[in-house]
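Engineer: Here's a structure for you.
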Amino acid sequence: MAGDIDREGVEKAYGRWAPIYDLVFGKVFDSGRQSTIAEADRIGGRILDVGVGTGLSLSDYARSTRICGVDISEPMLRRAQARVRALGLTNVETLAVMDAKTLAFADGSFDAVVAQYVITAVPDPEATLDDFVRVLKHGGELILVNHIGAENGPRRLFELAFAPLARRLGWRPEFPWERLVKWAATHGGVQLAERRAMSPMGHFSLIRYVKA
């Protein structure tokens, strides 16, 4: 399934979303955002926020938490940079256009990697997750919040029917939990610490892996 979303399509899709992203998705994704930030602040130190988008989350981190943010969309990042300047967020070390699959950071650079609603919107989720783990320190945490596809029932049928349109919008709605299970087993260097159902109605999950 690695090729079912392409980088150029994702970049264009989120460029289109940039002007209205906060208005459309701010409240919908707020619970997951706040939960990942709380986990990152618990760890502290230096955090990589992948898919930082318009920087909606940046002001919610503790000021003692140092943040590097990356995103594939330059229009999104321009909004994030404006937010950092306007709010005086001196704990934000850098914001950069970057492909999540090939992060331009050295091995073991971060105490935690946060990826909010990212994994279903990248062309190669497994390789992307591998690079997230690469830049983590040993004992560091990978903190994901994402939609996980239903395994059966009406929601599963809807997700499969909606998938072609969703791909054009830049994400995959039918992403199964089993895919993450297989990735972790194949990688071998991570341990699942938590999977927590999130609102609305458990459609999203907060997932934490520890780098062994």
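Residue numbers (our numbering): 233 to 444. Glycine is no exception: its CB is placed at the ideal position from the N, C-alpha and C atoms.
Only counting the same chain, and skipping five residues up and downstream in sequence, which positions put a Cβ closer than 6 Å to that of F364?
Structural biologist: Counting from 1 along the sequence shown, the entry for residue 364 is found at position 132. Correct list, in chain order: V345, L374.
Engineer: What do you get for G283, buried or exposed, if any count of 16 or more other CB atoms within 10 angstroms of its CB means buried?
Structural biologist: Locating residue 283 in the sequence shown gives position 51, counting from the first residue. G283 comes out buried.
Engineer: For S437, which residues does DSSP report across the bridge?
Structural biologist: To locate residue 437, count along the sequence shown from 1; it is residue 205. DSSP, once it has assigned bridges, lists N378, A429 as partnering S437.
Engineer: Using the DSSP secondary-structure output, state which residues sit across from Q423 in a beta bridge.
Structural biologist: Counting from one through the sequence shown, the residue named residue 423 turns up at place 191. Bridge partners of Q423: V442.
Engineer: Drop a sphere of 10 angstroms on the beta-carbon of L376, count the other beta-carbons inside from all chains shown, and report buried for 16 or more, exposed for fewer.
Structural biologist: In the sequence shown, the residue the question calls residue 376 occupies position 144. Its Cβ being crowded by 16 or more others within 10 Å, L376 is buried.
Engineer: Quick one: grab the DSSP three-state call for A338.
Structural biologist: The residue given as residue 338 occupies position 106 in the sequence shown. Coil, per DSSP.
Engineer: Quick one: grab the DSSP three-state call for I304.
Structural biologist: For the purposes of this step, residue 304 is identified with residue 72 of the sequence shown, where counting begins at 1. If DSSP states are grouped into helix, strand and coil, I304 belongs with coil.
Engineer: So for R298, helix, strand or coil by DSSP?
Structural biologist: Residue 298 sits at position 66 when you count from the first residue of the sequence shown. If DSSP states are grouped into helix, strand and coil, R298 belongs with the strands.
Engineer: Mark G285 as exposed unless 16 or more other C-beta atoms lie within 10 angstroms of its C-beta, in which case mark it buried.
Structural biologist: As a position in the sequence shown, residue 285 is number 53, starting the count at 1. G285 should be labelled buried.
Engineer: Which whole-angstrom value is the C-beta distance of V350 and A328, which I expect to be below 8 Å?
Structural biologist: As a first step, residue 350 must be located in the sequence shown, where it is residue number 118. As a first step, residue 328 must be located in the sequence shown, where it is residue number 96. Not confirmed; about 15 Å, so no contact.
Engineer: Tell me the rounded alpha-carbon separation between V367 and T297.
Structural biologist: Numbered from 1 along the sequence shown, position 135 holds the residue referred to as residue 367. Numbered from 1 along the sequence shown, position 65 holds the residue referred to as residue 297. The straight-line gap from Cα to Cα measures roughly 17 Å.
Engineer: Measure the C-alpha to C-alpha separation of L309 and K414 and round it to an integer number of angstroms.
Structural biologist: Against the sequence shown, residue 309 aligns to sequence position 77. Against the sequence shown, residue 414 aligns to sequence position 182. About 32 Å.
Engineer: Could you tell me the distance, in whole angstroms, from the CA atom of A294 to the CA atom of F342?
Structural biologist: The residue labelled residue 294 in the question sits at position 62 within the sequence shown. The residue labelled residue 342 in the question sits at position 110 within the sequence shown. Cα-Cα distance, rounded: 16 Å.
Engineer: Which residues in the same chain as G372 place their Cβ atom closer than 7 Å to its Cβ, once the five residues preceding and following it in sequence are excluded?
Structural biologist: Locating residue 372 in the sequence shown gives position 140, where the first residue counts as 1. So the list reads F342, D343, A344, K443, once near-sequence residues are dropped.
Engineer: Only counting the same chain, and skipping five residues up and downstream in sequence, which positions put a Cβ closer than 6 Å to that of Q313?
Structural biologist: The sequence position of residue 313 within the sequence shown is 81, counting from 1. The residues are L327.
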